[in-house]
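Scroll down for the structure; my scribbles are underneath it.
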Amino acid sequence: MKIVVAGGFSVGKTTFVKSISEIAPVTTEAPMTMASVGVDDRALTPGKTTTTVAMDFGRIALAEDLLLYLFGTPGQDRFWFMWDDLVRGAIGAVVLLDTRRIEDCFPAIDWFESRGVPFVVAINRFDGKLPHDTNEVREALGIPEHVPIIETDAREKEEVKMALVSLVGHCLAVA
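Heads up: the sequence shown begins at -3 in this note's numbering, then just goes up one per residue.
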């Protein structure tokens, strides 16, 4: 099953894929360029020197007969033209959210909603903190009750696994 991992710039998509993949993940990290100046908010990630320019790819077996192929999207707006190809054939998506920059996930949520792609919102805990609970996030995003909103830490394999299990369950429920 193909799963997409999406969200805003520097929200943890590459980390999410890397932390769970059972194969050496394929990443397309490239040095940040002047094209991101004034576009990407690097205030919360001043040490970030690279960005995904095409996709991340990983694979995980949730069960012997349940392989998930993970495709992480680039977070910069200038790479949105690739989303149609990256999402084609996916059963659903995990939209990673940084509560310090909630507005950064609106484009991904809008994209999946407009195309009828099932998704879950995964609030990524940075520094182990979660300044807003799931109900506050649901209200801020205007997310319907049937869409799961979960907490995760993209650095922790078991938490990423639970996010993927939540997504697969949601996809089966709405199929």
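Beta carbons are placed, not taken as given, at the ideal position from N, Cα and C, and that holds for glycine.
ask   = Is the distance from the Cβ of Phe12 to the Cβ of Leu137 below 8 Å?
value = No, the pair does not count as a contact, with Cβ atoms beyond the cut-off.
query = If you run the structure through DSSP and keep just helix, strand and coil, what is Arg97?
reply = If DSSP states are grouped into helix, strand and coil, Arg97 belongs with the helices.
query = Should Gly112 go down as buried or exposed, given a rule of 16 or more other Cβ atoms within 10 Å for buried?
reply = Burial state of Gly112 is exposed, judged by a 10 Å Cβ sphere holding fewer than 16 other Cβ atoms.
ask   = What are the start and end residues of each continuous alpha helix (DSSP H) run of 4 or more residues lying completely inside the stretch 106 to 152, in chain order?
value = Qualifying alpha helix (DSSP H) stretches, in chain order: 130 to 137.
query = With DSSP run on the structure shown, which of helix, strand or coil describes Gly8?
reply = DSSP places Gly8 in the coil class of the three-state scheme, outside both helix and strand.
query = Is the CB-CB distance between Ile16 and Lys157 below 8 Å?
reply = Their beta carbons are under 8 Å apart, which means Ile16 touches Lys157 by this criterion.
Residues of its chain near Gly8, where Cβ-Cβ distance is below 7 Å and the 5 sequence neighbours each way are ignored = The answer, listed in chain order, is Leu92, Asn120 and Ala150.
query = Which value, in whole angstroms, describes the spacing of the CA atoms of Glu177 and Ala159?
reply = The first residue shown for the chain is -3 and the last is 171, placing residue 177 beyond what the model contains.
ask   = By how many angstroms is the C-alpha of Leu62 removed from the C-alpha of Trp79?
value = The alpha-carbon atoms of Trp79 and Leu62 are separated by roughly 24 Å.
query = What is the residue span of the alpha helix (DSSP H) that Val22 lies within?
reply = Careful: Val22 lies outside any alpha helix (DSSP H) and carries neither H nor E.
request  = Can you tell me which of the three DSSP states Asp81 falls into?
outcome  = Reduced to three states, the DSSP call for Asp81 is helix.
Distance, Gly4 Cα to Leu168 Cα = Cα to Cα, Leu168 sits roughly 26 Å from Gly4.
inquiry  = Counting C-beta neighbours from all protein chains within 10 Å, is the total for Ala86 16 or more, i.e. buried, or is it exposed?
reply    = With 16 or more Cβ atoms within 10 Å of its Cβ, Ala86 is classed as buried.
request  = Determine the direct distance from the alpha carbon of Glu25 to that of Val164, and round the result to whole angstroms.
outcome  = Roughly 27 Å between the two C-alpha positions.
Anticipated Cβ contact below 8 Å, Val90 with Val116, distance rounded = Val116 and Val90 do touch by the CB rule: their CB atoms are close to 6 Å apart, below 8 Å.
Terminal residues of the beta strand (DSSP E) in which Asp52 lies = Under the DSSP assignment, Asp52 falls in the beta strand (DSSP E) whose first and last residues are Asp52 to Ala59.
key: Rounded separation between Glu152 and Pro114 - CA only   = Note on geometry: alpha-carbon atoms of Glu152 and Pro114 lie some 24 Å from one another.
query = From Gly68 to Ala2, what does the alpha carbon distance come to, in whole angstroms?
reply = For the pair Gly68 and Ala2, the Cα-to-Cα distance works out to about 6 Å.
task = Tell me, please, which residues DSSP counts as bridged to Val156.
result = Answer is none; Val156 lacks a bridge partner.
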